[in-house]
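At position 4 of the sequence shown (counting the first as 1) the number is 258 in my numbering, and the numbers step up by one without a gap.
Idealized CB from N, CA, C, for every residue including glycine.
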Amino acid sequence: VGGGIAGCSLALALAQQGRRVALVETQPPPAAEPNDLRVFALSPASALLLQRVGVWPHVSDQYYSPYRHMSVWDSGHAPGVRFTADLIGEAQLGWIVADTAIRSAAWKALSAALGITPFCPARVVHVHTGATQVTLQLDDARCLRASLVVAADGIFSPLREWAGIGVLG
């Protein structure tokens, strides 16, 4: 449950292992053109993972750029931390990628993947946990049954709350 970059990447990786995957997402697939200012800072390891699951090839090079320096600080606390590619002997630390572009690329990869059925837009309205399977009831009355359910539905995850999994913040 959750069609952001984490949920899509996991769905693609599971499908590559021959598993059947249902992906439930509340929002329609993102537009192909970035329409907001949010970005991801991807490390080389993250880019490699996205390459392996088939997302990275769908990201247009006009929506990402390598970065060589990064400064991180907490508001009101100095001095923060500065990273440079030179410190690790690399050409770049990673890539800055437009949020909508990476999510759109993930959905393009999903549409080409075998073994993934998207339920989008759809919302989980009820969860029933049995001894060997979980049943999710969607807002359109469809039911999905699975032996594994992953809550990749964000920081305020209803699925996590229904499972009784707390958070510390």
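Asked	Found
Member of G334, E287, R322 whose CA lies at the smallest distance from the CA of D315	E287
Endpoints, beta strand (DSSP E) assigned at C397	397–400
Cutoff 8 Å; reference I297; Cβ partners in own chain excluding five residues on either side	Per the sequence shown, residue 297 should be read as Ser rather than Ile. Same-chain partners within the cutoff: L347, G348.
Simplified DSSP assignment, three categories, for I356	helix
P372 versus W327: straight-line alpha-carbon distance, rounded	39 Å
Residue environment, I370, which counts as buried when at least 16 other CB atoms sit within 10 Å	buried
Helix, strand or coil at Q316 according to DSSP, with G and I counted as helix	helix
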